[in-house]
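Step one of this worksheet: look at the structure below.
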């Protein structure tokens, strides 16, 4: 194989209190793309692995293909013969930013193949083209972190973002129970109106969460990580949510909520030792109730998409 | 006069995007209290200056008296003979935290008189007793900054707070037009429900405002300082609001909104030179429309209440 291989990581959208505006990248899982010279002009998706036949090889209908093509057009390289092999290593509809990772990998692969004509932040609008195809929505809370790493806060309906700091030791626990929730379903369940009171309470929580991150104050992070608006509505779609959350908090988690639209859940720990204890406790609840899980323990991934 | 004199400053409640949860102290105006040994057991309010006869001298019905008394009871000093002279130097119903400053001054005066048995943060619940008497609400977004200085972010319905940083140079412009808005009226005008979309947008704004403060990023502060929920409803109570706001922004303000429940308006500038230009422009609009104003230019007051 003469091509190059890129990796774009999973991400935790919303992080509970930042619905549609905040997300964090983790180290694993993630999608990979091998990009090399193709046989015919233009982009061709030659192989897709691990998608269980669910993804289209038609470039315009494929998340990675769409973002790759958008960048190729911008670079005036639309007719260059390029071949993609997509290694889909992330579960679909998991709440882990699967489509975002594909979208990021597509644009990132093209940029690497052409020797980085654009900076990483400049790839954001192209990666969003793929994400829009997949989710129909204009939120970069998964695409941003998958591309750029870190915990990012976005302006509403905008690609303007700020990188938040995170304290040494902060560790994410992610549990993916093997049930599927469609993002569209998880979105449809949400009430379009909320009380002003809830808004004020949630605003304080988000503010404290951000302030805790910026100051490296774990207590403050924990006080802030309380989603009183989205979680109570969406958690109904996740069996045993309350028990699993309780087990995380009882095991020392600073907070625990739904990753993206679910069904994955995440918890935040102060260190890897506590993270492992939390992870075991959460998995045990699902396991006891005959629900299989995949779990991940990761610091904040501050790199985002990389060349492997 | 053998007594001591204390000062508690005005504050900007809400700061636009932090309704009921965020506030900042400014240097002027503020209330003063002279505290000295009284003639009879217990607290007596002997004189009140500058209140135009609007305040009660009855301790339990006076904001400063109420918080002072709460602290005296806690300290077991309820029967000590103490005399207050209150110098009300702040306008009523101005949106500048007038009642909060009185409440803070009362508790702070007692603590100073008894040689600081409590730390400043420990005075917060006592000062809140006075504020509750005045406003009926349990929000420390004015009392906190008036007592402790700085820009503070509070947990909802709680006295837990975090001090936010602020960049060197950040300057506040406050314009008080001589019209009166009752806090109760300004509160009654607010819709009790908002759209989820507005919540998300405002959350992003608050998050960016806080992040900008913590990073010292003026552009980010400006992007965040956009209140799309409260301001559109309350600005109707302030004549020429849009014109005045536009003049502030056109003169270089990072943002401009309503201080507390209004009618005072505030703007944030990057330095004192710009602040003066902004101040002149805002005053001119009111003046042209025959509305008298009092204006203040101040950095963030990081001290809060002080012994004079």
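Residue numbers (the working numbering), protein chains in the order written: chain A, 36 to 343; chain B, 36 to 343.
Virtual Cβ for every residue (Gly too), placed ideally from N, Cα, C.
Checking the sheet assignment: what are the DSSP bridge partners for residue i?
i	result
residue 114 (chain B)	According to DSSP, residue 114 (chain B) bridges with nothing at all.
residue 197 (chain A)	A:188
residue 333 (chain A)	A:207
residue 120 (chain B)	B:69 and B:82
residue 43 (chain B)	B:66
residue 58 (chain A)	A:48 and A:187
residue 212 (chain B)	B:328
Pick helix, strand or coil for residue i, following the three-state DSSP scheme.
i	result
residue 228 (chain A)	strand
residue 326 (chain A)	coil
residue 158 (chain A)	helix
residue 202 (chain B)	coil
residue 174 (chain A)	coil
residue 320 (chain B)	helix
residue 53 (chain A)	coil
residue 90 (chain B)	coil
residue 165 (chain A)	helix
residue 248 (chain A)	helix
residue 36 (chain A)	Reliability of the predicted coordinates at residue 36 (chain A) is poor, the pLDDT of 48 falling under 50, and no value is obtained from them.
residue 242 (chain A)	helix
residue 233 (chain A)	helix
Considering just the uninterrupted stretch of the beta strand (DSSP E) at residue i, what are its terminal residues?
i	result
residue 304 (chain A)	300-304
Counting contacts by CB-CB distance shorter than 7 Å, is residue i in contact with chain B?
i	result
residue 166 (chain A)	no
residue 303 (chain A)	no
residue 245 (chain A)	yes
residue 77 (chain A)	no
residue 50 (chain A)	no
residue 196 (chain A)	no
residue 148 (chain A)	no
residue 242 (chain A)	yes
residue 220 (chain A)	no
residue 109 (chain A)	no
residue 163 (chain A)	no
residue 314 (chain A)	no
residue 191 (chain A)	yes
residue 255 (chain A)	yes
Does residue i have its Cβ less than 7 Å from a Cβ in chain A?
i	result
residue 174 (chain B)	no
residue 54 (chain B)	yes
residue 329 (chain B)	no
residue 239 (chain B)	yes
residue 235 (chain B)	yes
residue 158 (chain B)	no
residue 229 (chain B)	yes
residue 188 (chain B)	yes
residue 249 (chain B)	yes
residue 36 (chain B)	In this predicted model, residue 36 (chain B) has a pLDDT of only 48, less than 50, meaning its place in the structure is not dependable enough to derive any value.
Between which two residues does the alpha helix (DSSP H) holding residue i run?
i	result
residue 293 (chain A)	It is not in any alpha helix (DSSP H) - residue 293 (chain A) instead sits in the beta strand (DSSP E) that spans 290-293.
residue 253 (chain B)	253-259
residue 183 (chain B)	178-183
residue 338 (chain A)	Unbroken run through residue 338 (chain A): none, as it is neither H nor E.
residue 276 (chain A)	276-285
residue 146 (chain A)	133-148
residue 220 (chain A)	218-223
residue 108 (chain B)	98-109
residue 267 (chain B)	266-269
The segment 307-322 of chain B contacting the segment 219-227 of chain B, beta-carbon criterion three pairs below 8 Å: no
The segment 47-64 of chain B contacting the segment 317-333 of chain A, beta-carbon criterion three pairs below 8 Å: no
At least three beta-carbon pairs within less than 8 Å, the segment 116-128 of chain A to the segment 153-170 of chain A: no
The segment 138-146 of chain B touching the segment 103-117 of chain B, judged by at least three CB pairs closer than 8 Å: yes
Segment contact, 8 Å Cβ cut-off, at least three pairs: the segment 178-186 of chain B with the segment 225-240 of chain B: no
Cβ contact check for the segment 186-204 of chain B and the segment 288-300 of chain B: 3 or more pairs under 8 Å: no
Cβ pair count under 8 Å reaching 3, the segment 279-290 of chain A against the segment 159-179 of chain A: no
Touching by the beta-carbon criterion (3+ pairs, under 8 Å), the segment 262-276 of chain A and the segment 252-261 of chain B: no
Touch test, the segment 57-75 of chain A against the segment 133-143 of chain A, Cβ-Cβ under 8 Å, three pairs minimum: yes
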